[in-house]
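Engineer:
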Amino acid sequence: MVNPTLDKHQELDATLYRPIYETGKGFYITMAVLVAIILWALYMYSTQLREGLGVTGMNQPITWGFYIVNFVFFIGISHAGTLISAILRLSKAEWRRPITRMAEIITVIVLAIGGLSPIIDLGRPDRLLHIYESGRLQSPLLWDVTSITAYFTASTVYLYIPMIPDIARLRDRGGKLKWAYTFMAWGWQGTERQKRVLNRAINVLMVMVIPIAVSVHTVISYIFSMTLQPGWHSTIFGPYFVVGAIFSGIAALLIVMIFFRRFYHLEGYLKEIHFQYLGTLLLVMSLLWFYFTFSEYLTGYFGAEPHETQIIMYKFSGPFAIFFWAMVLCNFVIPVVILSFRKFKTIPGVLIASIAVVIGMWLERLIIVVPSLANPRMDLPLGIYIPSFVEWSLFAGGIAVFILGYMLFAKFFPIISLWEIEEARTEGIREVKERIHKYLPGDEDFQESIQTIAKP
Amino acid sequence: MEIKRRDFLKLFSAASGAVILGGCGFDDTFALPDELLEKLKKGPGIETWKNTVCRLCPGGCGIRVRLIDDVPVYVKGNPIHPVNQGGMCPLGLNALHLLYNPDRVRSPLKRTGKPGEGKWQQISWDEALKTISDALVKLRNEGKAHQVSFLGHNEHGLMHEFIARFMKAYGSPNYYQFSSFQNDGIAYSLVQGHSQIPSYDFLNATLILSFGANFLEEGYSPIYYTKLYSHHQDRGTRYIQIEPRISLTAANADRWIPLRPGTYGALALGIAYVLIREELYDAEFVRTHTHGFEDWTDRSGEKHLGFKSIVLGNYYPERVSEITGVSSETILEIAREVGVAQRVVVLGDQGTIDNTNGTFTLMAVHSLNALLGNFEKEGGIFFIDVPPFGKLHTILDDVAARTGNQQKPIARPPDDTFPLTHFSIESFTKNILADQPYPLSVLFLYKGNPLFQTLNQHDFAKALTKIPLVVSFDSVINETSEYAHLLLPDHTFLEAWEEISNVPSVGFSHLSIQQPVVAPFYDTKHTGDVLLELAKRIGGTVAASFPFEGYQEAIKLRMKGVYESGEGAVVSEGMKKLWLEYLQQRGWHAGRYESFEGFWDQLLERGGWWNPVRKQRNWNAIFQTPSGKFEFYSSKLKTAIESLIKKDGGKSVSQSMELILNELNISARGDSVYLPHYEPVPYEPDMPLYLTTFQVLPNRDGEGSNLPMMQEMFGYSRRQWWRSWVEIHPETAAMYGISDESWVWVESSVGNLKVQVKIVPGIMSHVIAIPFGMGHTSYGRYAKGHGVNPYSIMRNLYDVLSGKPALEATKVRISPVS
Amino acid sequence: MPKWAMVIDLDKCTGCGACQAACKMENNVAIVSPDEAQQGRVMFWMDMIVTYEGSYPNVHEKRMPKPCFHCENPPCTKVCPVGATYRNEDGLVGQIYHRCIGCRYCMVACPFTVKVFNWKAPKWLDGKLECFNPDVSRRMAGVVEKCSFCAHRLMNIKEEADREDRPIRDGEYVPACAESCPADAIYFGDVENKQSVVYKLSRSYRAFRVMEDLGVEPNVYYLSKRVSW
Ligand SMILES: Nc1nc2c(c(=O)[nH]1)N[C@H]1C(S)=C(S)[C@@H](COP(=O)(O)OP(=O)(O)OC[C@H]3O[C@@H](n4cnc5c(=O)[nH]c(N)nc54)[C@H](O)[C@@H]3O)O[C@H]1N2
Ligand SMILES: Nc1nc2c(c(=O)[nH]1)N[C@H]1C(S)=C(S)[C@@H](COP(=O)(O)OP(=O)(O)OC[C@H]3O[C@@H](n4cnc5c(=O)[nH]c(N)nc54)[C@H](O)[C@@H]3O)O[C@H]1N2
Ligand code: SF4
Ligand code: SF4
Ligand code: SF4
Ligand code: SF4
Ligand code: SF4
Ligand SMILES: [Mo]
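Set out below in C-alpha cells:
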C-alpha cells in the first residue's frame, strides 16, 4: 500500500538531496568568482606578509582597524548558530528543526574566519606559537584564544553529531563519495542504542555550548573593557557584546535562510511562520540592543568624565558621526519599523531588516574600536584611519570564504536535518501533544491513554 | 682618550628589556655596518671617545663622538665644553648621518651636462687641480688676477684667514662671504664703531627684552643660550619676546608680544619715549658715553636735533600703537618694566635686520641699551677678546698681486645703493651679469648654498652660468654647486681639522679644536689643503705665502701663540661664580703644561680652550666711533651718505641729498636719517597678509635637509614631518574659510606656492609664517622634493643700507586649493 | 632596590626636541619614509606634546616631552598575551622584541599613547646610514617598541658597580635624553633614595604626574609652576 503522505514527504525530501547530486552552471560560476576573490585576498595578504602591516591604513594612534572590527563582527555573527540552535533545542521549540543545521554551519564557518582575523592582524604571524610557548593567561587575548578554540571545537562537534544519521543516509544512497560518507557516518545504523547515545550527546552538547558561546563574546568585550580606554572601560560591555552578537547572528541566519529558501527551493521547509518567529526574536534583540546602547552612552555622558564625553561627542558629531547615525538607523529604526508592523513583516521585509542589522552591527563594531583609539587621552591630534585596499580585499575575502564555505557544505550535505524533520513527523508530533497535555489542567489521565495508543 | 674595554658579545647575549637581539631567519633586518660586523667578529669591541666641535650651525658646541673599534656610532655634547656644557640640539645629535650620507661626493667631479642635469664625470685630484691652477696662472700672467672671486659662507677663524691669504697673495680683492657675521654687524658699527656682535649677560640680568631674536632656536648659538635660559628660575630672570609669531623663544618667554612685521624700530622707539619721558633711563651714562642724545650744535655751528627730541616728537605711544599693532597700555607696561628693572638686556637679531629697514631697526633696538647704560655692566652687554693666536707668516706679494688687489672689488654696490656694505649678493650678481667693472673669470664657492638662500635666484643662476670656471668645494651637491664646472669634495667636519673660535655673542673668549674622528671615507680633501696645493702649483710669492706643510700645521702655529700667552681659564666677570663652579664640577680646567706638545694634546683631548676673564677695556675700545661714544647720531652713516653727495656735482647739497635719499628709498629727512628711526617698509597695499619666515631647530637655513632624521623632525613641534606648512591664526583661517591641514595657495606679486595649513593660535592675525629650509631641488635624495622654499615668492628687496635680503618685506594673499 | 624615575622640569624645558633626537640616535629608532610619516607612523620614543593656553594676545605655547612613564602598575604589560612587554627586575617596563607577536594590544592599552609599532621593516636608509649603537638591538618589522629608560645603559653601569662592589651612585645612570638636554631639564635617578636629586624634585610643590587618577603610578614626574597640565 502506498502511503500518500509518505510519498509527498519523500518527494519533498528529495529537494534536499538534489543540490548534492546535481550541479548547475550557476554553481560553477559562483564558485569561480568566489575562488578568484579568495585568491586575490590571499595575494593581498602575502603582500602584507612581505611588507608588514604598513600596507594597511592603521597607524599611531589607531593601531587597530578593520581586522579587529571584522574579528568582533564575525565572532558576533557566529552566535547565530550554535547558540540559537542550542537555545531553541533546549526550549524544545519544534519549529527549530529546519533551521538548526543552517545556523550551526554559519557558526563554524564564521568562527574560522573570525578566528583568523586577529591572526591576520598580527605583526608577526610567524610567531603565533609563542602564544603556547610563553602565553600569559592573565592576558584577555589568551582568554579569547581559549574560549574561541573551545567554542569552535564544541560547535563543530555540535554540528557534526546531529549530522551523523543524515550522513549515513547519504552513505546508503551510494555515489561518488561513499567512502567519505562511510567514514563520517561512524557506523550509524539507526539502532535504538545509537539513537539514545546520539540524543544524549546532543543534549549534553547543547547545554555545554550555551555558556561557552556566552563566554566567547563576553571575553571579546573584555579585550576592550579591561583597558583604561575611555569608551571601552565599561562594565556592561560583556552582556552588551553578547546581545549584539545574538542580534547580528539572527540577522545573518535570516539572510541565509531566505537565500536558501529562494535558490534551493526550500519553501516547503522554511515557511512564513519561521520568519515570523525569528523576526519577532530579531525585534526583541533590536530593542534589547537599543537598551544597552542607550545605557552605555547615557552613563558615559552623564558622568561627564572629560575623555569619555570627548569620545561620545566625537562619535555623535565627529568624522565618525555618519557611521554612528547609520548604525542607529540600521540597528534600531529600520528593524523596529519593519518588524513591528504585520504589514511589513513579510519575507522581503525581514530580509531588508536583517541586511540592515548585519550592516549596522558591523558599523557598531567599527564605532567601538576606532573612535576610542582616534582620541588619545594625551593632547595629541585626532587620529585618522582610512582602511587600505588590502584591508578591503581581506574583508571581501572573508565574506567570499563564508559564501564558498556554505556553498560547499550544501554541496556535500543536506542543509536541513532530514532525520530531525522525520523525527518530528513521527515522535515530534506525539511529544508535543503529550507535552501540551501535561501543561493542560485536568488532562492528567491523557498521559496513560496516549501511552496505550502508542503501544503496538 | 678614555678607553673602555667591553665585552660586546656578552652584552649582546644578555637579556634585558631593551637589549635583546633577534635571531636569524625572519629577523634578518638586524644588520650591523659591514666594518663594524667585521670588527665585532674579531672579539671584544674597544670603545673610544673623541672630542671635536659640531659644525652644523655656527653655534660651536663641543661634541664627543663615540667610536666602537674606530667606527663612529654616537654623538653627544661635550660636558666640559663651556659653550654647550654637554647640551645639544637635534641637528648636532644627528651629525653622524652627515658622515654616512649616501649622497656625499666621493671624488672630484667635472660637470658634463647642463646645470641641474646631474651629469658628472669622475676625475682625479691631479687633473682637477691642474685645470684650476692652469687657469689661475694664465689669468695672473695676463694681469687679470682680480677676475678671480671666492664666495665663502660665514667661515671665520683660520679658514677665513687662509682664504683671505690665498686671495691676497694671488692678487684679487674679491673674497666675499655670502653671510658673514660682519654683515650682520653693520648696524652695530654705525652706533658703536665696530661690528662686533655683543655678548649678553643673561645670567645676571633680571629682564631680557628680545626684539625677535629667536636665541633659543636660531641665534648664533642656540644651545649656549638655552643653557643660560635654564637658570632663569633660580636667577629670577624674566623674558619678554616681541615678534609676530610664537617662536621657540616666545614659547618659553614669560610674555609674548605680537607685533606687525617690520615695525620693531617703532616699538623700540616707543619704549624709548616712555623711558625718556618718565626719566627711567640712565642719565649718567647717556651724558658721559653717548653722542647725539640732546639737541646739539656741530663745529660749523649747524644746529642738530637730538635723539630725545626726535623720539619725544614722533614716537608717543598712540602713534607707535598704530604702527605696530601693540596697544598703548602694553607699550607703557613694557617700558616701565624695563625702566624699573635693575638689569635689562635688550637684543635683536636677524628677525630685526631682515627687512628693508633692518639697519635702522637694529640701531633703534640697540639704542635702548645705550639709554639703559647697559654697556660693560653686570647684567648688561659686553664684548669679548680675540684669543691670543700665534701669528702666521707674513703674506708676500709681487707685482701681479699688488695690481690685482688694487682693482675695484666686483661686488661693490653701485653708488646709489647699499652705501654701507662691500658685499651684497644683489650687487655681486648684477655686476657679474653686466661685466662691471670687469668680467669674472673664476669663481670659487665654499661651504654655502647661496642659490638656495637668496632672493632673485634666477639672476644669480644666470650669473653663475656666465662665469667660465666655477669651482665648488663641498661635500654634497647642492643647488649652487649644480652650477659648478668642477666639484672638489671637502671632508665633512668629522673628518677634518679646523679651529673654531669666539662664536658671536658667546660670553667669553674661547676656541675649540675640530679634529678628525675618523679617517676620510672617500677621496676628499680639506679645502685648506687644496688652497695650499694650488698655491704651490702657482709658485712664486703665492707659494711662499703658504710655507705650511698642511692645514693642521697652521692650526698648530696659531695655537702656539695661545700656549705662549699663558692666558687661560680663570674666573670670569661676565659669567660669575655660579657657572664657573658648575664648570669646575664637570672638570673643566686649564691645567699646566710642560711644553706646547702637552698643551696641544690636552687641547685635543678636552676639545677646547677658553678664557672667561676679559681684559679691562677703556671706553675707546668699546666705542670705536669718531666721538669715542655711543652715537645715537651716527657720524659714520652721515659720512657714508654725504660721500655720495659730493660726487653729484652741479646741484645744491640739499637738492642732491633729496635725490640720494630718494634713490636709497629712505623716507626720513634731516637729522632723523642718521638717528635711529622707524622707516616704513614699502609693503604692497593691496595684499592682505604679511609673510614671515622662520627657521626650525633641526634644519637651520636648509642645511639639515639632507639628513633624513632632521627632515622627519622638521616640524616636530607641529607634528609635520618631511614637509612645509604655513602657520595661520584661527581668525585669519576663518576669514578665508580654511581648515586645518588643508592645502592653500600662498600668492605674492612674485609667484605662488602650494602648502598645507597649520592653524595655530600663536601667530598674529593677518600674518602667516612659512618655515625656511624645505623646497630643495637638489642637495641629495632626502632633501630634494619635499616642501616649499618661501624664497620663491619673496619680492626682490634689500635693506636700504646694508644690502641684506629683506626676508619679511613681502605681503601675500591666500586661497584654498580647490 | 632602586626605583628608577625621571623628572622633567617643564619650567626649564624649552621644547627644543634634542631629547627626541638623542633618543632616536641612541636607541636606533628607525626613520620611516616620508609617506609613512604622513600616515602617522613616525617613531619617537620621546614624543613632544604641544598645547596652547589663553587667548590672543596672551597665548602661551606649552611643550611637554613625553617618554614612556614606566608605570608602577602598567596597563600595557597586563594585556600582553606572550609577556613580550613586562616589568623587569629593575622596575623598568621593557619590550622583548623577538617574542612580541605584534598584536599591538599593549599600544591600545597604554593610556598615554607612548608605544610605537614597526609598520614596515625598519629599512634603515640607503647607503651608510646604517650607523647605530651596538648596545641596542635593532627591531624588526611587526613588533612594538618604546622608550626603555635606556636600559642598556643601566646594564653597563650595573656591571661596573658589581665589579667595583658598590651600589650605583646617584647620577651615574643617565639616559641619553637627559644627557643631551641643553636646558638640564631632565633628571634621572632613584626616587626612593632620599639623597637623590630625583627624590627631592619629585616631592616639590611643582611636581605632578600625568593623569594620576588612573592609578597607573607613572615613574615620570613633571615639574611646572603652571598647574593645568
Ligand atoms: N629665507 C631665509 N633665507 C636666509 C636666511 C633666513 O633666515 N631665511 N638666513 C640668511 C642667513 S642669516 C644666512 S647665515 C644664510 C645661510 O646660508 P648659507 O651660508 O648658504 O648656509 P646653508 O644653507 O646652511 O648652506 C650650507 C651648505 O654648506 C655645505 N656644506 C655642509 N657641510 C659642509 C662641509 O663640511 N664642507 C663644505 N665645504 N661644505 C659643506 C652644504 O652643501 C650646505 O648646503 O642664509 C640667509 N638666507
Ligand atoms: N637652529 C638654527 N640655528 C641657527 C641658524 C639656523 O638656521 N638654525 N642659523 C644661524 C645663522 S646663520 C643666523 S644669522 C642666526 C639667525 O638667528 P635669528 O636672528 O634669531 O633668526 P631669524 O630667523 O632671522 O629671525 C628670528 C625670528 O624673527 C621673527 N620675525 C618674523 N618677522 C619679523 C619681523 O618683521 N621683524 C622681526 N623683528 N622679527 C620677525 C620670526 O618670528 C623669527 O622667529 O641663527 C644662527 N643659528
Ligand atoms: S647648536 Fe646644534 S647644530 Fe649648532 S653647533 Fe650646537 S649642536 Fe651643533
Ligand atoms: S632636550 Fe630638554 S629642553 Fe629640549 S625638549 Fe627635551 S627636555 Fe626639553
Ligand atoms: S606609559 Fe604606557 S607603555 Fe609605558 S609603562 Fe605606562 S602603560 Fe606601559
Ligand atoms: S604587541 Fe607585542 S608586546 Fe604588545 S601586547 Fe602584543 S605581543 Fe605583547
Ligand atoms: S630614557 Fe632613553 S629610551 Fe627613554 S626617551 Fe630617554 S633616551 Fe629615549
Ligand atoms: Mo646668518
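Residue numbers (this note's numbering), protein chains in the order written: chain D, 1 to 456; chain X, 457 to 1274; chain L, 1275 to 1503.
Ideal Cβ placement from N, Cα and C applies to all residues, glycine included.
Predicted, not measured: the structure shown is a model, and the values here were computed from it.
1. Could you check whether the Cβ of X:Ala706 sits closer than 7 Å to any heavy atom belonging to ligand 4?
2. In whole angstroms, what is the alpha-carbon distance linking X:His1065 and L:Cys1293?
3. Just list the residues that DSSP pairs L:Asp1464 with in beta bridges.
4. Secondary structure at X:Val782, three-state DSSP: helix, strand or coil?
5. Roughly how many angstroms separate the alpha carbons of D:Ala185 and D:Arg196, rounded to a whole number?
6. Using the beta-carbon count (16 or more within 10 Å), is X:His941 buried or exposed?
7. Could you check whether L:Val1382 and L:Glu1419 sit closer than 8 Å to each other, using their CB atoms as the reference points?
8. For X:Asp1057, is the classification buried or exposed, using 16 other Cβ atoms within 10 angstroms of its Cβ as the cut-off for buried?
9. Whose Cβ in chain X lies nearer than 7 Å to the Cβ of L:Phe1406?
10. What I want to know is whether the C-beta of L:Ala1459 ends up closer than 7 Å to one or more non-hydrogen atoms of ligand 4.
11. If I follow the unbroken alpha helix (DSSP H) through D:Gly397, where does it start and stop?
12. Let me confirm a value: D:Ile29 is counted as buried when at least 16 other C-beta atoms fall within 10 Å, else exposed. Which label applies?
13. Output yes if chain D places a C-beta closer than 8 Å to the C-beta of L:Gly1289; else output no.
14. Where does L:Met1414 land, buried or exposed, given buried means 16+ other C-beta within 10 angstroms?
15. Shortest alpha-carbon distance to L:Lys1397 belongs to which of L:Pro1308, L:Gly1376 and L:Cys1354?
16. Run through chain D and tell me which residues come within less than 9 Å of L:Leu1488, C-beta to C-beta.
17. Counting only beta-carbon atoms, is X:Leu565 nearer than 8 Å to chain L?
18. Against chain X, with Cβ distances strictly below 8 Å, would L:Ile1305 count as a contact?
19. Beta carbons nearer than 7 Å to chain X: which residues of the stretch 1317-1350 of chain L have them?
20. Counting only C-beta atoms, is X:Trp1056 closer than 8 Å to chain L at any point?
21. Let me check you understand the geometry: is the CB of X:Arg1310 closer than 7 Å to at least one non-hydrogen atom of ligand 6?
22. If the cut is a Cβ gap below 8 Å, which residues of chain D does L:Glu1434 touch?
23. Can you pull the chain D residues whose beta carbon is under 8 Å from the beta carbon of L:Gln1313, in chain order?
24. So which residues of chain L does X:Leu554 contact, with C-beta pairs closer than 7 Å?
25. Does any residue of chain L bring its CB to less than 8 Å from the CB of X:Ala470?
26. Using 7 Å as the cut-off, classify the Cβ of L:Trp1571 as near or not near the heavy atoms of ligand 7, replying yes or no.
27. Within 8 Å (strictly less), CB to CB, does L:Lys1298 reach chain D?
28. Output, in chain order, the set of chain D residues within a Cβ distance shorter than 7 Å of L:Gly1416.
29. Can you grab the Cα-Cα spacing for the pair L:His1426 / L:Lys1298, in whole Å?
30. X:Lys1240 to X:Phe916, Cα distance in whole Å?
31. Going straight from the alpha carbon of X:Lys529 to that of L:Cys1451, what length do you get?
32. Select from X:Tyr1139, X:Thr746 and X:Phe929 the residue whose C-alpha is nearest the C-alpha of X:Asn905.
33. Should X:Glu989 and X:Leu595 be called a contact, given that it needs their Cβ atoms to be closer than 8 Å?
34. Can you look up X:Gly1158 in the DSSP assignment and give me helix, strand or coil?
35. Going along the chain, which residues of the stretch 1370-1391 of chain L sit with their C-beta nearer than 7 Å to a C-beta in chain D?
36. Counting only Cβ-Cβ distances shorter than 9 Å, please list the residues of the stretch 1450-1479 of chain L near chain X, keeping chain order.
Structural biologist: According to the structure shown:
1. no
2. First, the residue type needs correcting, since residue 1065 of chain X is Trp and not His in the sequence shown. Rounded to the nearest angstrom, the two C-alpha atoms are 27 Å apart.
3. L:Trp1278
4. In the three-state DSSP reduction, X:Val782 falls in the coil class, being neither helix nor strand.
5. 16 Å
6. buried
7. One thing to note: L:Glu1419 has its Cβ no nearer than 8 Å to the Cβ of L:Val1382.
8. exposed
9. Val529
10. yes
11. Counting along the chain, the alpha helix (DSSP H) containing D:Gly397 begins and ends at Phe389 to Phe412.
12. exposed
13. Output row for L:Gly1289: interface = no.
14. buried
15. Of L:Pro1308, L:Gly1376 and L:Cys1354, the residue nearest in Cα terms is L:Pro1308.
16. Leu228 and Arg377
17. Taking 8 Å as the threshold, the shortest C-beta distance from X:Leu565 to chain L does not fall below it.
18. yes
19. Against chain X - using a Cβ distance shorter than 7 Å - the residues of the stretch 1317-1350 of chain L are Met1322, Val1324, Tyr1326, Tyr1330, Pro1331, Val1333, Glu1335 and Arg1337.
20. no
21. Not covered by the structure: residue 1310 of chain X. The range shown for chain X is 457 to 1274.
22. The contacting residues do not exist; L:Glu1434 stays about 31 Å from chain D at best.
23. Gly57 and Asn59
24. Chain L residues near X:Leu554: none, gap ~10 Å exceeds 7 Å.
25. With a pLDDT of only 32 at X:Ala470, under 50, the local geometry of the prediction cannot be trusted, and the value read off the model is given with reservation. Yes, because at least one Cβ of chain L sits closer than 8 Å to the Cβ of X:Ala470.
26. What is shown of chain L runs 1275 to 1503, which leaves residue 1571 of chain L out entirely.
27. no
28. Gly52, Leu53, Gly123 and Arg124
29. Taken atom to atom, the span from the alpha-carbon of L:His1426 to that of L:Lys1298 is near 14 Å.
30. 20 Å
31. Residue identity check: residue 529 of chain X is Val in the sequence provided, not Lys. So the two alpha carbons sit approximately 16 Å from each other.
32. X:Phe929
33. no
34. Correct three-state label for X:Gly1158: coil.
35. Listed in chain order, the positions of the stretch 1370-1391 of chain L with a beta carbon within less than 7 Å of a beta carbon of chain D are Arg1373, Cys1374, Ile1375, Gly1376, Cys1377, Arg1378, Tyr1379, Met1381, Val1382, Ala1383, Pro1385, Phe1386, Thr1387, Val1390 and Phe1391.
36. Ala1450, Glu1453, Ser1454, Cys1455, Pro1456, Ala1457, Asp1458 and Ala1459
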